[in-house]
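Asks: Have a look at the structure that comes next, please.
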Amino acid sequence: MPSMDPAEYSDPLIAAARHAGNAILAVRAKGLDVREKADRSPVTEADETAEQIILAVLDEITPAIPVVAEESVARDGAPEVGAPWFWLVDPLDGTKEFIAGRDEFTVNIALIEDGSPIMGIVYLPALDELYLGIPGRGAWRQQRDDTTSQAIAVRHPPAEGLTVLASRSHRTPEVDAYLEHLTVAGLRAVGSSLKFCVLASGGADLYPRFGRTMEWDTAAGDAVLRAAGGRVETIDGAPMRYAKRGFANPDFIARGAAAE
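Under my numbering, the first residue of the sequence shown carries the number 9, and numbering increases by one thereafter.
Structure (structure tokens):
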């Protein structure tokens with residue numbers, strides 16, 4: 009079994025995320041053919057091409073480690089992940105944002121060890137913005153035209169109240185009911201796993217999610233947020249765990265520093 013120092017894999021996977029992102033943009037430039045999967049969620053050539061790029065790199069650098077990737081699971085079912093480690097890949101998170109012509113879609117790659125994310129990469133192709141998080145070591149952001157990465161960290165909420173992130177596509181009455189008990193200074197609609205990265209970089213304080221998500225939707229952003237000093241918890245306050253049966257997440261709250 010290969011070494012599990014996640015930093016070993018960051019450079020080739022950052023390159024893979026960027027390569028996948030370029031492929032996504034190339035598909036968008038030529039026009040989209042949107043299809044519907046069995047669960048009625050949309051999929052495009054961009055999702056599938058990006059996933060193939062990432063899977064090829066993972067097969068080269070960690071051939072013994074299972075990979076759970078969204079489009080492969082939709083097509084072939086989920087593989088066994090009995091080993092301590094496995095990869096979670098969402099090649100294009102925020103497909104609805106992508107189809108709508110917005111820029112808040114991401115490429116997500118996460119390494120899981122014993123149910124916890126130990127590395128996450130989130131790349132925004134349209135903005136050329138990349139986030140890397142290794143819990144226990146730190147989180148970094150590299151923006152367009154930057155030659156170096158900048159360390160990022162969560163903020164302490166300002167006295168006037170919380171800035172709350174909501175999903176543009178999945179705002180629910182349960183979210184509104186949850187927020188009634190909090191002092192909210194502002195509400196921002198943000199798509200995809202970018203919400204975790206906004207929290208991680210101190211741009212907001214709280215992201216409550218009530219409704220269905222899958223592990224590949226959250227793992228990479230969760231790793232970035234944990235690495236920046238935040239946390240992702242189930243409604244009962246337990247840390248989010250991965251390798252759950254069916255890879256579906258419960259409702260959760262993603263927080264910056266002491267967000268309540």
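Backbone N, C-alpha and C define an ideal beta-carbon position, used for all residues, glycine too.
List the DSSP bridge partners of E241.
Replies: Within the sequence shown, residue 241 is the residue found at index 233, counting from 1. E241 is bridged to P247 and I261.
Asks: Reducing DSSP to helix, strand and coil, say where I120 ends up.
Replies: Your numbering for residue 120 matches position 112 in the sequence shown. Correct three-state label for I120: strand.
Asks: Residues in the same chain with beta-carbon distance under 8 Å from L239, minus the five sequence neighbours each way, listed in chain order, please.
Replies: The residue you call residue 239 lines up with position 231 of the sequence shown. Looking at the sequence shown, residue 239 is not Leu but Arg. Cβ neighbours of R239 beyond the five flanking positions: L233, P247, A262 and R263.
Asks: Please report how far the alpha carbon of T191 lies from the alpha carbon of F260, in whole angstroms.
Replies: As a working note, residue 191 is residue 183 in the sequence shown. As a working note, residue 260 is residue 252 in the sequence shown. Approximately 19 Å between the Cα atoms of the pair.
Asks: Helix, strand or coil for A15, going by three-state DSSP, please let me know.
Replies: Indexing the sequence shown from 1 puts residue 15 at position 7. DSSP places A15 in helix when its eight states are reduced to three.
Asks: Tell whether a beta-carbon distance below 8 Å holds between D41 and P99.
Replies: For the purposes of this step, residue 41 is taken as residue 33 along the sequence shown, with counting starting at 1. For the purposes of this step, residue 99 is taken as residue 91 along the sequence shown, with counting starting at 1. Result no, Cβ atoms of D41 and P99 do not sit closer than 8 Å.
Asks: Going by alpha carbons, who is nearest to R36 out of D19, K45, A91 and E105?
Replies: Here residue 36 refers to the residue found at position 28 when the sequence shown is read from its first residue. Among D19, K45, A91 and E105, the Cα nearest to that of R36 is on E105.
Asks: Name the DSSP beta bridge partners of W224, please?
Replies: The residue given as residue 224 occupies position 216 in the sequence shown. W224 is not bridged to any residue.
Asks: Kindly indicate which residue of H27, I69, A82 and E68 has the alpha-carbon position closest to the one of V51.
Replies: One-based indexing of the sequence shown puts residue 51 at position 43. Answer by Cα proximity: A82.
Asks: Taking the DSSP output, what are the residues bridged to T171?
Replies: Your numbering for residue 171 matches position 163 in the sequence shown. The partner list for T171 (beta bridge, DSSP) reads G194.
Asks: Taking Cβ positions only, does V172 come closer than 8 Å to chain C?
Replies: Protein chains in the displayed structure number just one, and chain C is not present.
Asks: By alpha-carbon positions, which one of M127, T155 and G144 ends up nearest to E137?
Replies: Here residue 137 refers to the residue found at position 129 when the sequence shown is read from its first residue. The option with the nearest alpha carbon to E137 is T155.
Asks: How would you write the range of the alpha helix (DSSP H) that R83 sits in, first residue to last?
Replies: In the sequence shown, residue 83 corresponds to position 75, counting from 1. Per DSSP, R83 belongs to the alpha helix (DSSP H) from E78 to D84.
Asks: Per DSSP, D67 forms a beta bridge with which residues?
Replies: On the sequence shown, position 59 is the one that residue 67 refers to. Bridge partners of D67: none, in fact.
Asks: For E53, which residues of its own chain have a beta-carbon under 8 Å away from its beta-carbon, when the five flanking residues on both sides are left out?
Replies: For the purposes of this step, residue 53 is taken as residue 45 along the sequence shown, with counting starting at 1. The answer, listed in chain order, is V35, L40 and D41.
Asks: Can you give me the start and stop residues for the alpha helix (DSSP H) that V89 sits inside?
Replies: In the sequence shown, counting from the first residue as 1, residue 89 sits at position 81. From DSSP, V89 is part of no alpha helix (DSSP H); its letter is neither H nor E.
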